[in-house]
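**Q** Chains as they are written, first to last, in this note's numbering: chain S, 16 to 265; chain D, 12 to 517. Note that beta-carbon positions come from the ideal geometry of N, C-alpha and C, so glycine has one too. Mind having a look at this structure? Questions to follow.
Here's what the structure looks like:
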């Protein structure tokens, strides 16, 4: 079982859209896939029309895998299950602060899914916190959408530095350009500069697209309502590249 | 993790798809796919090997077949619509499986089902799919079956329960294991019924003549089952099984002749011998054709044209011989012979001989011991110089000994008899291999023809190879005899078949 986190400490970069569409394509490719929505806003659960549980259960999240199993819900798509977010997930950091060996907590609970799933995708909240560190340890790949602007570049540099300072393997970080507007010279220039500086950028570029925004209207992955659109092809390509990268990471 | 509920129910005959979907739409949004129709044709061999092993071979369209096991379709392969044998299907996995399941048997259509399947999903207020379902309509002749399957989705079990509740008044019965196998069972396919005649329940104190008459009658009935397949030339196993059953019947009569009146022996023996004899040649030709691959592998490529000529000749002869046998089995002569035998067997027991009225178990045990000691003596006379005929005679004796045990196996101590039978089987394999080489050499020799040079060269090549194999096999015969006729085996025979009180107490 592989764990892929869709992560950025910056909000609004396309993490959830990435998590939703990758989970969809992974499942379609035959992998038993579990998408865990860790972001208390619950956007990826919303895209799959799944309501969170009425009970606050964040407290039990890191105790044992059995607690998570109870909250699994089938999506409308074969091979794809989801653990929807709950608003109480906003307290994850406070909860983790109270645990010993907090950084390994997430990895430990996810281990339980090993038999049932081939892939776990984590849709992460935008922060850098105890939860983020648990995510870095639990994941095989940390997929980082980067809007090619100076601010995003700075955020990405901060992430790289954080990994270095804390001795997390930087080769887990897999960035790709997201919400790219090809006609903007700033986007082009930033992409060129960052690609030259960071060789680990994926080749796939996710364009800025109204079809991706419409996911909220259709409450579905792009393929369901915009099959022949550029955005859909971009996610198919991204899934191929990510799955190949995940395969190589052992 | 608990498995999710999935259930299928048979619905009332009057229920219609629209009624069901309309009922459920009171609480759910329904998304129904257009129904898909399919006509499935199922195949199996005469002995229902696929069915018995939990497999189904299903023709889904003109040239596509699916092999299905309880977990689902294990392979969809192409084959012409007239395909009957495993080697006529494509796809190694399916071919291998069919070979292991049906062997040389032909698969023939046994049943067909017309299916109309309508899949639907139920959505809740959030437009999330919460239950999946299928309506299955089957048509066999004029009979229509209607089934509803509901499947719960993880995290949404309460909706499944509600949907089932809403539809409860359409439900006739719950089906435990719904699927194609169930639908075939509902049809009561005659081709899948057991082929064996009425099972005999022998008792140890039954009088021997009575027991033999009853068994022989059942065997005669059994032989008749294969006649149709031989005449239609469905596969070579029909003739083989026909011959096996005639052989067993002849053995039974011969082994227990002391319990039968002379008039009966005079009626049965020549007739059964004639029936068996009429099919010898066809079986020999079948065996040679079935072994074609191994014969071809024995010779280098330059013998190919000679072998091709030989096989063309054999195929031609087989065709003629098959017609001859089919004609014979359809003849009044054959029918009269069988009817005469059946009538003779159905006569009341005459009890003309001392053995006739003895309890059958006692008679059989005595016979088994007698035959064993006779074989022991025959075996002692065999050495490396003994003629092939002597080995052949002993091989026949082993065959009869095993038949005698197997005929009465229900009356004999199970475990110990089973061990003896397994030892007999081992030696039969060795003796059988040796005999096969002898027979094959003789068979091939009969085709040597000076006017067909290439063919005769190939024949000589095969004979030389088979002769070498036969020579290599010969020392194994003495070895196998020594392994079988041990002091322990003699003691075991004496114990199992002599002492009446010896049972399965070990």
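Measuring alpha carbon to alpha carbon, tell me which residue in 258(S), 259(S), 228(S) is nearest residue 244(S).
**A** 228(S)
**Q** Could you give the C-beta distance for residue 10(D) and residue 223(D), rounded to a whole number, given that I count them as a contact under 8 Å?
**A** Nothing can be reported for residue 10(D), as the shown portion of chain D is limited to 12 through 517.
**Q** In whole angstroms, what separates the C-alpha of residue 377(D) from that of residue 265(D)?
**A** 15 Å
**Q** Could you compute how far the alpha carbon of residue 116(D) sits from the alpha carbon of residue 255(D)?
**A** 16 Å
**Q** May I ask you to report which of helix, strand or coil DSSP gives residue 116(S)?
**A** coil
**Q** Determine the burial state of residue 102(S): buried for a count of at least 16 other Cβ atoms within 10 Å of its Cβ, exposed for fewer.
**A** Counting Cβ neighbours within 10 Å, residue 102(S) comes out exposed, since fewer than 16 surround it.
**Q** If I follow the unbroken alpha helix (DSSP H) through residue 232(S), where does it start and stop?
**A** It spans 230-233 - the alpha helix (DSSP H) in which residue 232(S) sits, taken as one unbroken run.
**Q** Within 10 angstroms of its Cβ, does residue 202(S) collect 16 or more other Cβ (buried), or is it exposed?
**A** buried
**Q** From residue 476(D) to residue 287(D), what does the alpha carbon distance come to, in whole angstroms?
**A** When rounded, the distance between both Cα atoms is 30 Å.
**Q** By the three-class DSSP mapping on this structure, what secondary structure does residue 77(D) have?
**A** strand
**Q** Starting from residue 40(S), trace the beta strand (DSSP E) both ways and give me its first and last residue.
**A** Per DSSP, residue 40(S) belongs to no beta strand (DSSP E); it is in the alpha helix (DSSP H), 30-43.
**Q** Look at the alpha carbon of residue 506(D) and the alpha carbon of residue 408(D), and state the distance between them as a whole number of angstroms.
**A** 21 Å
**Q** DSSP three-state call for residue 366(D): helix, strand or coil?
**A** helix
**Q** Does the beta carbon of residue 75(S) come closer than 9 Å to any beta carbon on chain A?
**A** The structure shown contains no chain A; its protein chains are S and D.
**Q** Check whether chain S comes within 9 Å of residue 138(D), counting only Cβ atoms and requiring the distance to be less than that.
**A** yes
**Q** When the distance is taken between beta carbons, is residue 228(D) closer than 9 Å to residue 375(D)?
**A** no
**Q** With 9 Å as the threshold, decide whether the Cβ of residue 82(D) is near any Cβ in chain S.
**A** no
**Q** So for residue 186(D), helix, strand or coil by DSSP?
**A** Residue 186(D) falls in the strand class under three-state DSSP.
**Q** List, in chain order, every chain D residue whose beta-carbon is nearer than 8 Å to that of residue 51(S).
**A** Residues of chain D passing the Cβ test: none, with the nearest at roughly 14 Å.
**Q** Once the 5 residues before and after residue 138(D) are set aside, which same chain residues still bring their CB inside 8 Å of it?
**A** Cβ within range, chain order: 40.
**Q** State whether the stretch 45-54 of chain S contacts the stretch 207-226 of chain S, with contact taken as three or more CB pairs (one from each stretch) at a distance under 8 Å.
**A** no
**Q** At 9 Å on the CB atoms, spell out the chain D contacts of residue 65(S), in chain order.
**A** 137, 139, 166
**Q** In three-state terms, what does DSSP make of residue 68(D)?
**A** strand
**Q** Residue 84(D) by DSSP, collapsed to three states: which one?
**A** strand
**Q** Report the CB separation of residue 73(S) from residue 104(S) in whole angstroms; it is logged as a contact under 8 Å.
**A** 5 Å
**Q** Give me the DSSP bridge partner(s) of residue 3(S).
**A** Limits of chain S in this structure are 16 at one end and 265 at the other, which puts residue 3(S) out of reach.
**Q** Would you say residue 96(S) lies against chain D (beta-carbon separation less than 9 Å)?
**A** yes
**Q** With residue 264(S) as the anchor, note down where its alpha helix (DSSP H) starts and where it stops.
**A** Residue 264(S) -> no alpha helix (DSSP H), and no H or E assigned at all.
**Q** Between the C-alpha atoms of residue 108(S) and residue 145(S), what's the straight-line distance to the nearest angstrom?
**A** 6 Å
**Q** Would you call residue 238(S) buried or exposed, if buried means 16 or more other Cβ atoms sit within 10 Å of its Cβ?
**A** buried
**Q** For a cutoff of 9 Å on Cβ pairs, would you count residue 37(D) as touching chain S?
**A** Residue 37(D) does not count as touching chain S.
**Q** Just checking my contact of residue 88(S) with residue 166(D) at CB under 8 Å: how many whole Å lie between their CB atoms?
**A** 3 Å
**Q** Determine the DSSP secondary structure at residue 139(D), reduced to helix, strand or coil.
**A** In this structure, residue 139(D) counts as coil in the three-state DSSP scheme.
**Q** Taking residue 135(S) as part of the beta strand (DSSP E), name the residues at either end of that continuous run.
**A** Run containing residue 135(S): 134-138, per the beta strand (DSSP E) assignment.
**Q** Quick check on residue 234(S) - is its C-beta less than 9 Å from some C-beta in chain D?
**A** At least one CB atom of chain D sits nearer than 9 Å to the CB of residue 234(S).
**Q** If you drop the 5 nearest sequence neighbours on each side, which residues of the same chain put their C-beta closer than 8 Å to that of residue 413(D)?
**A** Non-local C-beta neighbours of residue 413(D) in its own chain, meaning closer than 8 Å and more than five positions away in sequence, comprise 432, 435, 436, 439, ordered along the chain.
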